[in-house]
Every structure is written in structure tokens, then in C-alpha cells.
Amino acid sequence: MARPKTILLVDHDNAIIKFVTLILENEGYRVLTASDGEDALDKVRQARPDLLLLEIILPRKNGYQVCREVKEDKVLRTLPVVFLSAKSQPSDRFWAKRVGAEGFVAKPFDPGGLLREIRVLLRNAQLVSA
Amino acid sequence: MLDRAAAILLYVCLSVATLSIGVYVLREWFLRTRERRLLKRVQHLKAFLAELDAQNAVAFRAVRRRFTTLRDLEALEHLLEERRLELRPESSPEELEAHFASYDELGILDRYVERLLHARRWAERAFAARVLGEIGNARAVEPLVEVMRNTREEDRDVRMAAGRALGRIRDPRALAPLIEALSAPESWLPPRVAEVILQFGPVACDALLERLATRGDPGARAWAAEILGELKTPRSTQALLTALSDLQDQVRARAAGALGKIGDRRAVPDLIHLMLADPVPYVRIQSVRALGAIGDARALHHLIDSLKDGEWWVRIRVIEALEQLGDDAIDPLVLALEDPDTEVRQRAAMTLERLGVLDALIERVGDGDVAAREQLVVAGQAGVVEVLIDALGHANPRVRYAVAEILGEVRNGAVSVALIARLEQEDAAPITAELLRSLARLREAHAAEPISRLLGDENDSIRVEAVRALERIPFPNPNQLLANAVRDPEARVRAGAAAVLGKVGDPHSVPALLDLLADCDASVRAEAARALGLLRAGESMERLVDAFHDYVPEVQIAAARALGQVGRSECLETLVRGLENASPELGEAIAWALGQVQWHDPERVIDVLFQGADRTSRLGALDVLGQLGHEAGRQLVRSMLSDEDEVVVCKAVQILGQLQDHDSVAELVELLHSPSEAVRVEVLDALCAMGDPGVVPKLRDAVFDPSERVRARAVLVLGGLRDVRSGDLLRGVLASPRSTEEMRGYALLSLMVLDRDQDLPTILETLESFPLYDFLHDRHRTHDPILHASVESVRTQRSIEFMVASMRSRRELEAALLQQLEIAQEESLRVKVIRTLGFLRSESAYPAVERTFRKDPSAEVRIAALQFLAERAPREEFVRLLLDGMQDLQTRVRSDAMRRLHRIDVEDALQVVVSQLETEDEGVLDALVDFLAELKPARLEAFLDGVMGTELSLRARQALVRVLGRTRVKGVAALLEAFLEASEPELRRSTTRTLSRLPARQVHKLLAGCFADPDLEVRREALDAAAALGATGAQPLLRTALEDPAPELRRAALLHLARLKPRAARDDFKTLTRDATPDVRAAALAALALEGSEPVEEWVGPKDVPRIAAALREIHPLAELERRLQASRVVGERTGALRALFFHDPERRARALSTARCDPSPRVRAVGVRLEEVLQVWLLDRDAERHLGAQPIVAATDAEAQQPGRA
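Going down the list, the sequences are from chains A and B.
Those letters in the first sequence? Residues 1 to 130, per my numbering, in order.
Those letters in the second sequence? Residues 10001 to 11207, per my numbering, in order.
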């Protein structure tokens, strides 16, 4: 049986964490959580999730800073990063792309859309690693 | 008959008597009956009260209504009052309560309430209120409150009585209306209500705190704060601390005062901040008072800072507060003795006296303590003289001596009296002499008599001092007072007497003085001569001539001057002969005397003057001519500029300088090339004395003179003239290895005189190796007026550089600089001090400079302090400083702090920058642009990660866009493109506006997208940005805008195209001549007209002309069109200009058509002809005047037809 994919969800809002965790776990993913940027980086390094689902506005390093640091790390840069944020102006999306994110889902979001985005990215990542 | 009359009279008398007796009896009966009735009533009332005591409630109720009159009530009340008085000494609270309850039960309370509310007369209502207060029943509260609240109640006494009654009742229900009454508009009411509320005590605290916290009437809140202070409840502290930040100054002031009364030390930091930073002086005063009352030592240093407060009345309160802090405040109080305000100095002196400091100083002054002496002088001048006067009787003679000397510098009526009194009591001769000297300095006329008595003292020195004192003190009848003195065995006394006689000026003194002129002592003879000169005693002339031939030079000189003062021409020959081989001093005196003599014929003077060929005579003559100032004399002096004798030439130059003879400037400048060094030096001094700015270039040339002495002098003179433009030359002198020590010293001094900021580092650097103080000290003894003036100038301007030069040790210098930083009133001086401390790399100054950065009121000083700190602070401290700087109230300080951001990590800078984006402060944004521009790409990316990852408001994003646009960093265009897609139109507008700053190649595509924006303003901004791209770049974009749905944008695009590339857009113009909007059509026609190839005039009528003209004016100014018509080489341009001018006012039209007739191009001439034909047709229009500004032809024709006899 294939190991379930692990997603690290980073958001400072507990309600969002609970809601998204529920969606992802229903889908069979294993979910780790973090509530600030520094904690997220620590967990990425320790737990090596398969995908990083990231809010932009976070305490102690924002989402952009986390994403950039991940993408600049030789070991971690292949980790797919998806931003999940209410801050979704074109400039925010532009910058998300600039820092290397692979996807952007705006809040409020359609759970189906989010899951699709995640599936596609995980599949691509698998192909790349193969 | 008589009997009848008597009978009638008797009858009448009997009747009257009977009547009187009857009236009397009736009256007595009435009064007694009434008295019995009243007595019965009283007994009835007493019985009633007895029933009440027996708790016979039924009877009580039944009977109660029997009392209907106020008299009954008064009587009952009176009885109750009697009972209350009986109860008081030993009664229990229950008895009292029962007693007062009976008022209520008896209905008296209700009666009074009724009276309070409805009585007609205000006195009754006030009385009712008073009684209700005394009764103290809580049922009266509501009606009393109603009266308090009744704003129509014009009787202040009624409201006040109601207020006091409520205060006596002390029912908490009364608090709310009382506190409300603090807002009353009448000024008399709130203070009285406050007194009433105070009676409630701590119970009122909660209501007052609530009032204080509630927004609204500041007056009520201020009173609430004040009452809380009086109540002194510590739990009010927090609310009062909050009130220190209130917008209303009266609230802040009262809150501060209240905190002082409560005495809670937690309030000290906030009070300190208020004291230093509040803009309202009264608030600062209250803070000062509060700090003084609390007496916390933390406030000391800040109170000292407040001695620099701009308001003198604040400084006075600071002194009072410092007094409460005791010994630690002595030093700042001593400094306050030098305050510019008299009142402040006086208060400081009085405080020092109360602290006993002056007594201590008096003890020290006896030991020769110079500092103590100076402080006592200042204290005395500030008005504190009693302690000094008392010290005149001190047991220690050294103290008495010193005090006597000090009092000589204190002008105060009491001082003179004390000195005179002491004169008679003092035994010690030196002290008596000092007393005399002091009285002389004070010039106290009343002292003349007691002093003159000392002329008979057996001690020589006392007699000498006495006569010297009389020399300075005005008094009448000197002959009488000095009769013995002129015959005194001591020569100094006789000389002094002569001097006094001369000063007093009594002509009757002449005989005595003539006797003294023959005295055996030369000094006496000289003094006598001087006195006779002062008296201008003509009769003494012969004796003075004899004295002029005295063998003692002092006497000769005095006699010469006296002859001058006498002024008679008979002595002329004697004086002129006396010039021959005279000593310089005598020659000077003779010259002066000659200048005083009455000359009837100045020309003859010169004849006489120049009879002597020797040098001394010519020099003396020059002196005289200098004094005469006569034009012929000046010419003669100028002629002596070419004298063979160098000394004479120098003298002539000197005289011309003294006379400020500007007519001789050219000749003097020529003399700068004189072979004589002394002459060149003298010329420099003379030109300096004249102060003519036109000669400065020549003076600068003299800096390169072959003679070192001349070069040095030129350097000094440039400083003396304060020629700021010579500053760089002076710095060059400092730096040049060829400069002598003299030159460097004078250059340094001159730079200090110029006081330019940019010279400070050079001066300080030079001072490190050049001992300027010693240099100047050596030269100070010379009689060099230019040098003295320069030194005095830097001394009076309290030059920091001079301080640096004069201090011996570095520690001493730093201490002096830090003191200047504390006390200097001028901002520029404090800036200089900080820069100097920076130059000296003074680490010990760090705390003081940091304090200055946080507290100084001047932005420039804070910037200088930040500069100092930035160079020394460790990293964390630096970040904190920058953050504080970014919060500064002044833009310049924030900008300066922003400019230093590049020295800290991006993460630290981030929070600062993000907070500043909200301010829209242009100065700060400029600094931010600079900051970003200096960032390396990797750092910039990291910085933008941080900024973009923050929740920014619309305003902040707009500011960010503006900054990014100006920064021109790589890749910013892509980010701006993203901002163009923002949902807020305001952000899209800002971004579009920013695009015009980017290079054209980057923005083309972006602007093209903007033309599709749904927001009109965005498209307008895009249009303006596109137009700024230049003809080639703008054309495709502008053509896009021609299809814009908004007519105003189409019109604007047309006009831009017409200006930039009319030919290429001709077809577009033609298309738009069919536009639905008239203004667009007019703009298209205007553009075509200007383009020149189409006969626009054929397509339009007169009514279209104004619109077309308006559009043309927006394309090019008229001057440009006229220029093109007259001067362009391109036929098409001239044609277009002609057509364009045709649509303007009649004058320009006519001029253009006239010009066209002479145009070399047939095409232009043809167009001109055609335009004239069209114009003729237009002028047939009745409305031609309105549209074209020209008279229609039809009007003139009609007028002709109407004339009689015409067909």
C-alpha cells in the first residue's frame, strides 16, 4: 500500500486549519500543521512533506519568505508550494509566482478546486522525482 | 363768644383723649387676646409633639393637616429645632434619625419641597433649599436635583443653596446631577459645585472617574480631575494618567495637578514627558508643580532640562520645584542665575538664599573663591541683597572685604545705604578703602557727605580713597568739602582733590587749582592742569602755557590738553612749536589740542602746521588733520601718501582709514604694491577699517604677497571684514605648507569669525595640532584693534571652536561641551556642540547625546544627535534609535532616519518601512526611494518578500507603487503590471501614473493594457503617460485612445496627436470630424487645421470657430503658431499655422492674413486668399460678432439703407 502523501498546512487561523485538515484527511492525505513561518520551515526540514500549503500573512516570517527559503534550498526546492490566501490580488499572485510557488488558491475557496490543484502538483512532483 | 370757643376746645380735647384711651385699650385687648391665642397654639403644638413622642400615629395624621400656614410650620420647626439642640450633645444616631424623621412625618418636609419648587420669590425657594439641607432627608434629594438641573433657574443662590443642601444630605443619588453641574456654562457655578462634591468624600470617586473618562465637555472633565486630586484617592491615578494624554489642555493641566496632590510616584515618567513635550505652557507648569510636589529624584535631571523652556513663567515654576528637591538642585539653580529673564534670576537667587547656599558662598568668598564671588554678584544683581548686607558685619575681615567689593557691583538702594552705614562703623582701613571704592562705583550721591568726612582721617590711604571716590560721585559745593584736601600733606590727596574740582566743574575752584599748578609734586600739577582744562578756564591760559614748558612730561602733556580744552587761538603758536621733536605722547596731545582750538581759517591752520619740516611735526600735523576732517585737510593727507618718509606715509594711510575716506581707496589699493612692507600692512588695516567690499579681491591677492607679515595681515583682515567668500581661501591657507604660523593662526581665527558650518571639521582638525589659545594669548597684549575685534567676536558668539582652542585638557573640554549642550539656547550652537563631540570621538558624551536625541525640541539638533549616535551605537541599539527616529514628529528627522536604514538588516528595516508607507510623507518616501535604490538585488527581493507578505492598506500599496516606480530597480515593471490588475481603481490609477517614470520600452505594453481599463481615470492617466513618451512612442497608443468610449479622452488623444504627429494621424482626424460629440469634432477640425493640408474653413461655419479656437489653444500656444507662420521653412507648417491663426481672435487673424499675403510660397498665399474670401462670407452672418469677434457686414449695410435719401 502506497504511503499516504503528507501535506504541511501553514496558517495562523485555527478555524482554517481545522477546516482544510478535514478536507485533506478525508481525501486520504496526512496533514501536518504549523502556525507561523519559522515553525513551518522547521517542520519542512524535519518532516519533509510532499506538498506545502501556505498562507501569505503569517507571524515570524510570512509565506513569501518561507517559500523563497524553501526554493533556495538545494534539498527542498523540489517541494511543491501552493499558496492558500485571502490576499489574492494580482500583485500577490505575481509575487507568489516570483518566489517560486507552483500554485495559488484564493480564499474563500472551492474545496474541489483545491484538491484538484493538489492532485495535479503531487502527480507532477512524482513524475519529476521518478 | 370766648366761652363758646373754650367749650368747643375743651370738648375737642376730651374727645381726642377719650378716643386715644379707647384705641389704647382696644389695642391692648387685641394684643393680649392674640398672645393668648398664640400661647394656646404653642401649647397645642407642644401637646401635638408630645403625642408624636407617644407614637400616636393616628392622632398625628389627623392633626397634621391642621397646619396650613407657614407660621405654623415655622413655629413647629422652631420647636423641633429647640428639641434638636437639646438632643445633640449626648444623643445617639437613632435618636437623631428619629428626630429628623419627624420632619417628614409632620409634613414639614413636603411643605418645604413645595416651597422649593413653586414659591414665587427666590428668597423663599433658597430658604426652602437651605432648610431641606439641614433636615437632611433623602426624600428631598429629587426635588433639589431638579432645581440644580433646571437650566432656567436664573437665581444662582437658589441653585447654590440646592447644591449645598445636596452636599449636606450626601445622598449618592445627588452626585450625578452635581457632576453634571460641573458642565454649567456659568463660570461661578462649577467651583462651588466642586466644593459640594468634595464633601461627599471618597464616595464621589467612582462618579468622578466615570466623568473623567467620558468624552464631552472638557470643563467638566477638568473639574473632575481637580476634585479627584483634592480627594487624594490613589485609585484615581490610572485614570488621571490617561487624562494626561487628553486633547484638551485644561484637562491635561488639571490631571497633572491632581497627580501632584495624590503624590503617586507612578505618575513621574508621564509627568516628565508632559513637562518636556506639551505645547501649552500652562500644562507644563502644572506638570512641573506636580513633580515638585511628588519630589521624586528621577525628575531632577528633566527639571534641569526645563530650565531651557522658552517661557519665563515655566522656568520660574521649575525653580520652585527644584527647591523642593533640595541639595541636588543647587547647581542648576546656580545656572539659573544667568537666565536671560530678570524675574527668573531673582527667583533663583531667592531660592538659593532659602536653601542656605548664599551663606555657604559667603564663607567661601572670604577664602578668595572666585566662582563663589561671581555667583554672589549675580545673586545680588538678581535682587538678593539682604544676606550680603548682613555679611558686611561678618566677624571675618576677609569676608567683609570681599562682600564690600561685591556690593560695589550691585545697584540697589539698600546697598548704598548699607555701605554708607558700614563706613562709619568699620575699623579696618583696607575694608574702609574697599567700601569707598564700592561707593565710588555705585556713584551714590548721598555718599558724598560721609565720604568727605573721611578726608580728615588720619590714615593716608583712606584719605586718598575718599578723594578718589569723590571724583566719581557727583556733589555740589566741592570747594567747601575739599578746602582742606587741597592742602593735604599727602600728594595723592591733593592730586585727587584737583581731579574732583575739575570733574565738578565749579568755576570758583580756579584759584585753588592755580595754586596747585605750582605744587611741588608733578602729579598734583598735572592733575591741576587737567582740572583747569575741564573747567575751560580761560584765565588760566598763561599759567597753562607755563605748565606746558614744565620739565616733567606728564605735566606738559596735561597742560597741552588743557590748552586745547581752553581752546583759545593765542596758544596756537606755542602748541605748534611744541610739536618740534616732541615725544610721540606729547605730539599726540599737542595734535589733539590743536584740533580743539577754535580755528577761524582752516587753510591758515595748514600753513602753520606745515611750517615744521621734521618728521614729528608732519606726524603731528597729520594727527590734527585727521581730527579736523576738513576736506582741504583730507586732500593734504592724501598728498602725503607719496611722502618720501615711510613713517609719514604710514601715518597718512592710518589717518585716511580713521577718516573712512573712501575717495582715497584707489590710491590706497595702489599702495598695496608699495615697496615698503610697513606701508602695505598699514594699507591693509586702513582698508579693513573702511570696510569697502569692493576691495576684497585686492585683499585676497595680498594673501600671496612676498612678505610674510603682509600675507599674515591680509589673512587677519579678511576675517575682520567677515568676508564669507574668502572662507575657502582661508582653508587653503591652513592647508598650505607654505603658510607661516602667523598665517595659520590668523586663518584659523578668521574662519571662526566667519562661522561657516562646513569649516568646522577643518578647524577642529587644525586645533588638534595648532595651539591657538597660546598663539592669541601672546598677541593679545599688543594694541591690535583688528585682532582684538576678531577675538572678541568669537568670544561673544560663544564659538565652540574657540572653546576647543582654549581648553587645556580633553576632559575639561568634554565637560564644557556637555554643559553647553545642556544650557545653550541657540539651536545652531547645540548642533555644533554635537558635531564637535563627534569629531572628538567622545564616547563619554553618548548618554547625553542620546538624551538630546530624545528630548531636544529642535529637529536639526535631533538629526545631528542621530548622526553622532549612528556612528557609535551597537547594532541593537542602532535599530532602536532608527525606529525611534522614524516615529519622530518632524519629517526631516524621519527622513534622516530612513536614510540610514541601509545599515540594518532587512528584517529590522521592514517593520519600520511598512509603518511609514501609511504616512504619505513625501520626505520619507524620498528617503525610502534612496534606500531601495541602494539595495543589492538579493536584498531587495528579500525586502519585497517582507513588504508584499504584509497586509497593506490601499494607501500603503499606493505609496509602495509610487516608490517602486521611482526606484527603477530591475524587474519592477513586472510587479507594477501586476498592480495594474488590482481590483481597486485607485491603485490602478496610482500605478498608471507611476508608469510615466519608467523607460518607454517597458511601459508601452503596460499602457496599452491600461487603455482597456474600465475606469475612466485610469485611462486618462494612461493617456497622459503615453503623451509623455514622445511622438513615435506615443502615436500607436494615442490612436488607440481615439476609439475610447469617453468623449473627453478622445478629445484629449486628438489634441496630443495634433501636437506630436499631426500628419500621421490625418485620416484619424478626418474620421473624428464626424464624431457624435461637438467638442471632439471641434478638436478634430482644429487638428486638421493645424495639420494644414485640408481646407477646414470650407467645412465649418462661424459658430464652430470658438470651439475650434479653444482646441487650438490647447495644442500650441499662440506665440508658437505665429512663430511658425513667420519663420518655419516647411510650407505645410506655415499653412497649418495660418489656418490655425485664422480661427483665433480678429487681431491675430488679420495679422496672419496680412503675413500670408507676403509669404514667398504661392500655396500659402493662395490659402490666405481663400481664407479671406471665406471670412467675407462669414461676416455676412448676423452673429458674426459673437462668434468671430468681428463686426458683421450685414449690420453696416442695413444701417446705410436706413438713412433718408439713400436708395
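Note that beta-carbon positions come from the ideal geometry of N, C-alpha and C, so glycine has one too.
Just verifying my parser: in three-state terms, what is the DSSP assignment at residue i?
{"i": "residue 10244/B", "result": "coil"}
{"i": "residue 85/A", "result": "strand"}
{"i": "residue 10060/B", "result": "The predicted position of residue 10060/B is uncertain, since its pLDDT is 49 and thus under 50; no value can be drawn from it."}
{"i": "residue 10030/B", "result": "helix"}
{"i": "residue 10473/B", "result": "coil"}
{"i": "residue 10517/B", "result": "coil"}
{"i": "residue 101/A", "result": "coil"}
{"i": "residue 7/A", "result": "strand"}
{"i": "residue 10659/B", "result": "coil"}
{"i": "residue 34/A", "result": "strand"}
{"i": "residue 10712/B", "result": "helix"}
{"i": "residue 10182/B", "result": "coil"}
For residue i, which of the options has the nearest alpha-carbon?
{"i": "residue 10654/B", "options": "10203/B, 10663/B, 10689/B and 10297/B", "result": "10689/B"}
{"i": "residue 10897/B", "options": "10918/B, 10865/B and 10874/B", "result": "10865/B"}
{"i": "residue 11141/B", "options": "11005/B, 10953/B and 11172/B", "result": "11172/B"}
{"i": "residue 42/A", "options": "17/A, 102/A, 129/A and 60/A", "result": "60/A"}
{"i": "residue 10448/B", "options": "10458/B, 10459/B, 10465/B and 10460/B", "result": "10465/B"}
{"i": "residue 10260/B", "options": "10283/B, 10392/B and 10287/B", "result": "10287/B"}
{"i": "residue 122/A", "options": "80/A, 88/A and 104/A", "result": "80/A"}
{"i": "residue 113/A", "options": "55/A, 124/A, 98/A and 82/A", "result": "82/A"}
{"i": "residue 10785/B", "options": "10685/B, 10870/B and 10871/B", "result": "10685/B"}
{"i": "residue 10670/B", "options": "10695/B, 10624/B and 10584/B", "result": "10695/B"}
{"i": "residue 10232/B", "options": "10214/B, 10220/B, 10202/B and 10251/B", "result": "10202/B"}
{"i": "residue 10618/B", "options": "10587/B, 10242/B, 10480/B and 10593/B", "result": "10587/B"}
Please classify residue i as buried or exposed, where buried requires at least 16 other C-beta atoms within 10 Å of its C-beta.
{"i": "residue 5/A", "result": "buried"}
{"i": "residue 10402/B", "result": "buried"}
{"i": "residue 10137/B", "result": "buried"}
{"i": "residue 11123/B", "result": "exposed"}
{"i": "residue 10650/B", "result": "buried"}
{"i": "residue 10895/B", "result": "buried"}
{"i": "residue 10135/B", "result": "buried"}
{"i": "residue 10112/B", "result": "buried"}
{"i": "residue 11130/B", "result": "exposed"}
{"i": "residue 10693/B", "result": "exposed"}
{"i": "residue 10698/B", "result": "buried"}
{"i": "residue 11169/B", "result": "exposed"}
{"i": "residue 11010/B", "result": "buried"}
Chain A partners of residue i, CB-CB under 8 Å?
{"i": "residue 10983/B", "result": "89"}
{"i": "residue 10336/B", "result": "Chain A residues near residue 10336/B: none, gap ~52 Å exceeds 8 Å."}
{"i": "residue 10956/B", "result": "Here the premise fails: no neighbours, minimum Cβ distance about 12 Å."}
Give the interface partners of residue i over in chain B, defined as CB-CB distance under 7 Å, in chain order.
{"i": "residue 83/A", "result": "In chain order: nothing, as chain B lies at least about 10 Å away."}
{"i": "residue 56/A", "result": "10949"}
{"i": "residue 68/A", "result": "10945"}
{"i": "residue 134/A", "result": "For chain A, the structure presents residues 1 to 130; residue 134/A sits outside this window and is missing."}
Could you work out which residues of chain A lie near residue i, taking near to mean beta carbons separated by less than 9 Å?
{"i": "residue 10975/B", "result": "91, 94, 95 and 98"}
{"i": "residue 11008/B", "result": "Residues of chain A passing the Cβ test: none, with the nearest at roughly 17 Å."}
Mind listing the chain A neighbours of residue i? Cutoff is C-beta to C-beta under 7 Å, in chain order.
{"i": "residue 11011/B", "result": "In chain order: nothing, as chain A lies at least about 18 Å away."}
Quick one: does the C-beta of residue i sit closer than 6 Å to a heavy atom of the ligand ADP?
{"i": "residue 10548/B", "result": "Because no ligand of any kind appears in the structure shown, any question about the ligand ADP cannot be addressed here."}
Task: Inside the stretch 10973 to 11029 of chain B only - alpha helix (DSSP H) runs reaching at least 4 residues - done: 10985 to 10995, 11000 to 11010 and 11016 to 11027
Open item on the list: Under 7 Å, CB to CB, which of the residues in the stretch 10886 to 10898 of chain B have a partner in chain E?
Closed with: In summary, chain E is missing from the structure at hand, where the protein chains are A and B.
- [ ] Can you check the stretch 11067 to 11140 of chain B for any alpha helix (DSSP H) of at least 4 residues that lies completely inside it and give the ranges in chain order?
- [x] Qualifying alpha helix (DSSP H) stretches, in chain order: 11078 to 11091, 11096 to 11099, 11105 to 11115 and 11118 to 11127.
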